[in-house]
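Asks:
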Amino acid sequence: MGAREDIAKLILRFTVGGLMLFHGIAKLMHKSNFIELLLTNHGLPTFVALGVPVGEVLAPFLLILGVCTRVSSLIVAFTMVMSIYLALGPTAFAFTAYGGPGGELNFFYFFVSLAIFLLGPGKYSLYRGNKTYLQ
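Count the sequence shown with numbering that gives the first Met the number 0 and you get residues 0 to 134, in order.
1) Figure out for me which residue from L36, V66 and G42 has the closest Cα to the Cα of R12.
2) At the level of alpha carbons, what is the spacing between S72 and Y84?
3) Leaving out the 5 sequence neighbours to the left and right, which residues in its chain are closer than 6 Å to G42 when beta-carbon positions are compared?
4) Which ranges would you report for the beta strand (DSSP E) in the segment 30 to 71 if only whole runs of at least 3 residues count?
5) To which residues does DSSP link F138 through a beta bridge?
6) Assess contact between the segment 34 to 50 and the segment 12 to 25, defined as three or more Cβ pairs (one per stretch) separated by less than 8 Å. Is contact present?
7) In whole angstroms, what is the alpha-carbon distance linking Y126 and G17?
8) Does DSSP put L125 in a helix, a strand or coil?
9) Quick one: residues in its chain with C-beta nearer than 6 Å to the C-beta of L36, no 5 flanking neighbours on either side, listed in chain order?
10) Is DSSP giving P120 helix, strand or coil here?
The structure is reproduced here in structure tokens:
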């Protein structure tokens, strides 16, 4: 694999991890019960909200570092599935006045996270061993 591919993987990890980290930190700093309310409205227990810091802070941070990249990218992807289901619902697929679907950003995070899972961390990652579950 060439340097270009490894740099591209680094850019993908930094983009998804860095941008998602802003969402997670904002939620931690400005605590509200919005997520608990969404969970309750969908018949889910409120303790599930404890997964938000994992999916929007820890996993993105690990993506940036390149540690547990594949697992972290799946956690981010799952977080986006839950976000689409809980927060957007059918409006995720409805087209807005700007021509894109309502869940455009969520879909972007989801599919790029899947791409990161398939591609792996690349050469420019903190983890340099051969344990595949840590890549």
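Glycine included, C-beta positions come from ideal geometry on N, C-alpha and C.
Given the structure is predicted, the values throughout are model-derived calculations rather than measurements.
Replies: Put simply:
1) Translated into the one-based positions of the sequence shown, residue 12 becomes position 13. Out of L36, V66 and G42, V66 has the C-alpha closest to the C-alpha of R12.
2) In the sequence shown, counting from the first residue as 1, residue 72 sits at position 73. In the sequence shown, counting from the first residue as 1, residue 84 sits at position 85. In a straight line, the C-alpha of S72 is about 18 Å away from that of Y84.
3) Position 43 of the sequence shown holds residue 42. Excluding sequence neighbours, G42 sits near nothing in its chain.
4) Qualifying beta strand (DSSP E) stretches: none in this window.
5) Summary: the structure shown does not reach residue 138, with the chain confined to residues 0 through 134, and so no result is reported for it.
6) With a cut-off of 8 Å, the segment 12 to 25 and the segment 34 to 50 do not count as touching, because too few Cβ pairs lie within range.
7) Within the sequence shown, residue 126 is the residue found at index 127, counting from 1. Within the sequence shown, residue 17 is the residue found at index 18, counting from 1. Pairing Y126 with G17, the inter-Cα distance amounts to about 18 Å.
8) Residue numbering aside, residue 125 sits at position 126 when the sequence shown is read from its first letter. If DSSP states are grouped into helix, strand and coil, L125 belongs with coil.
9) As a working mapping, residue 36 is identified with position 37 in the sequence shown. Correct list: empty, nothing qualifies.
10) Here residue 120 corresponds to residue number 121 of the sequence shown, with the count starting at 1. Shown here, P120 sits in coil according to DSSP, grouped into three states, outside any helix or strand.
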